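Be aware that the sequence shown starts at 111, since it is given in my numbering, and climbs by one per residue. Yeah, the Cβ is synthetic: ideal placement off N, Cα and C, and Gly gets one too. Quantities reported herein were computed from a predicted structural model and do not represent experimental measurements. I have placed the structure first, in the form of structure tokens, so that the comments after it can refer back to it.
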Amino acid sequence: MRIAIIADVHANLAALEAVLKHAHGQRALDGVWCLGDMVGYGPDPGACIQLLRQYDPICLVGNHDLAALSLLDTAEFNPDAAAAALWTARQLNDEERHYLEGLPQVVEEGDFTMAHGTLRWPIWEYLYSYEAAMAHLQRQETRWGLVGHTHVPMLVVADEEGQGCQMYYLEDGAAVQLRQGRLVINPGAVGQPRDGDPRAAYAVYDADAGTITIHRVEYDIAATQKRMAEAGLPPRLIQRLSYGQ
Ligand code: ZN
111 MRIAIIADVH ANLAALEAVL KHAHGQRALD GVWCLGDMVG YGPDPGACIQ
161 LLRQYDPICL VGNHDLAALS LLDTAEFNPD AAAAALWTAR QLNDEERHYL
211 EGLPQVVEEG DFTMAHGTLR WPIWEYLYSY EAAMAHLQRQ ETRWGLVGHT
261 HVPMLVVADE EGQGCQMYYL EDGAAVQLRQ GRLVINPGAV GQPRDGDPRA
311 AYAVYDADAG TITIHRVEYD IAATQKRMAE AGLPPRLIQR LSYGQ
């Protein structure tokens with residue numbers, strides 16, 4: 111069984127299509143797990159929801175999904191993100207809104223626990239710091255965890271005694287051996303990478319091999335930027351896609 115693990119699609123249809131095509135080439139569409147923020151920032155929220163739903167994914171809710179539903183106060187967003195959230199809210203039809211409203215904050219699936227941010231604060235907290243990683247691991251009852259939200263591919267491995275952990279950035283092609291113990295993986299962002307590599311990021315879970323492998327996929331960035339400009343989305347959000355920041 112091979113599963114595509116995606117996060118932070120952010121309404122970037124060109125990136126989502128490229129990732130799903132790549133996953134198809136990897137024979138990795140026995141399932142799709144989506145770690146939240148399907149919408150927000152990008153120009154095609156409805157189309158991304160429709161496309162992803164064809165794969166009957168396990169899907170979590172993220173902060174930008176809640177903001178698009180007006181279930182989260184955007185006062186804590188930066189002005190560009192808040193403007194994009196307001197725009198997104200106007201694009202969604204009732205069915206798309208209903209779908210996002212039904213998404214859970216945390217899901218356990220086999221040996222995995224999934225959340226958008228961390229298990230301490232699933233919607234908001236970034237799993238960047240050592241302290242956040244330890245707080246997350248203390249709440250993770252399964253061996254393995256999956257998170258998104260930072261838009262940076264990363265691995266956290268718990269020490270055997272559970273008293274500490276090691277944190278690593280993951281590059282294209284990095285294959286994590288799951289048997290090494292309790293760990294957390296962030297597959298990076300499909301629709302708005304922030305590690306300086308503008309290519310879309312996702313991961314493939316190979317259940318038979320016991321690995322999760324990070325992949326970076328080229329997509330038509332200019333096509334997404336053109337759609338964003340047509341929609342009148344903030345210029346800074348358009349430009350950052352070129353730099354993966
Ligand atoms: Zn996000």
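Report the residue from 116, 151, 140 whose alpha carbon sits nearest the alpha carbon of residue 327.
-> Taking the sequence shown and counting its residues from 1, one reaches residue 327 at position 217. Answer by Cα proximity: 116.
Three or more beta-carbon pairs under 8 Å between the region 243-257 and the region 284-299, yes or no?
-> yes
Contacts around residue 341, its chain only, beta-carbon distance under 6 Å, and the 5 residues preceding and following it disregarded = Position 231 of the sequence shown holds residue 341. Contacts found: 153.
Simplified DSSP assignment, three categories, for residue 219 = Residue mapping note: residue 219 aligns to position 109 of the sequence shown, counting from 1. Reduced to three states, the DSSP call for residue 219 is strand.
How would you label residue 216, buried or exposed, when you count the other beta carbons within 10 angstroms and need 16 or more for buried?
-> Taking the sequence shown and counting its residues from 1, the one referred to as residue 216 is at position 106. With fewer than 16 other Cβ atoms from the protein chains shown falling within 10 Å of its own Cβ, residue 216 counts as exposed.
For residue 253, does the three-state DSSP call read helix, strand or coil?
-> The residue you call residue 253 lines up with position 143 of the sequence shown. In the structure shown, residue 253 sits in coil (DSSP, three-state: anything other than H, G, I, E or B).
Residue 329 versus residue 271 - alpha carbon distance | Taking the first residue of the sequence shown as 1, we reach residue 329 at position 219. Taking the first residue of the sequence shown as 1, we reach residue 271 at position 161. Residue 329 and residue 271: Cα-Cα distance of roughly 42 Å.
Counting pairs of Cβ atoms below 8 Å between the region 160-172 and the region 195-203, do you hit three or more?
-> no
Could you say which of 224, 247, 346, 310 lies nearest to residue 263 if we only look at CA atoms?
-> Position 153 of the sequence shown holds residue 263. That would be 310, whose Cα lies nearest to the Cα of residue 263.
Residue 283: beta carbon under 7 Å from a heavy atom of the ligand ZN?
-> As a working mapping, residue 283 is identified with position 173 in the sequence shown. No.
In or out: residue 337 buried (at least 16 other Cβ within 10 Å) or exposed?
-> Here residue 337 refers to the residue found at position 227 when the sequence shown is read from its first residue. Burial call: buried.
Under 5 Å from any heavy atom of the ligand ZN, by CB: list those residues in chain order, please.
-> My final list is 118, 147.
With a cut-off of 8 Å, do at least 3 Cβ pairs link the region 171-179 to the region 225-235?
-> With the cut-off at 8 Å, the region 171-179 and the region 225-235 touch.
Distance, residue 247 Cα to residue 159 Cα | Here residue 159 is taken as the residue at index 49 of the sequence shown, counted from 1. Here residue 247 is taken as the residue at index 137 of the sequence shown, counted from 1. Across the structure, residue 159 and residue 247 are spaced so that their CA atoms are roughly 30 Å apart.
In whole angstroms, what is the alpha-carbon distance linking residue 258 and residue 323?
-> Here residue 258 is taken as the residue at index 148 of the sequence shown, counted from 1. Here residue 323 is taken as the residue at index 213 of the sequence shown, counted from 1. So the two alpha carbons sit approximately 15 Å from each other.
Same chain only: Cβ atoms within 8 Å of residue 346, ignoring 5 sequence neighbours per side | The residue you call residue 346 lines up with position 236 of the sequence shown. Cβ within range, chain order: 190.
Nearest residue (CA-CA) to residue 265, options 296, 222, 241 | On the sequence shown, residue 265 is found 155 positions in, with the first residue counted as 1. Residue 265 has its Cα closest to that of 296, out of 296, 222, 241.
Taking only the alpha-carbon atoms, compute the straight-line gap between residue 333 and residue 137 and give it to the nearest angstrom.
-> Taking the first residue of the sequence shown as position 1, residue 333 is located at position 223. Taking the first residue of the sequence shown as position 1, residue 137 is located at position 27. Going from the Cα of residue 333 to the Cα of residue 137 covers about 26 Å.
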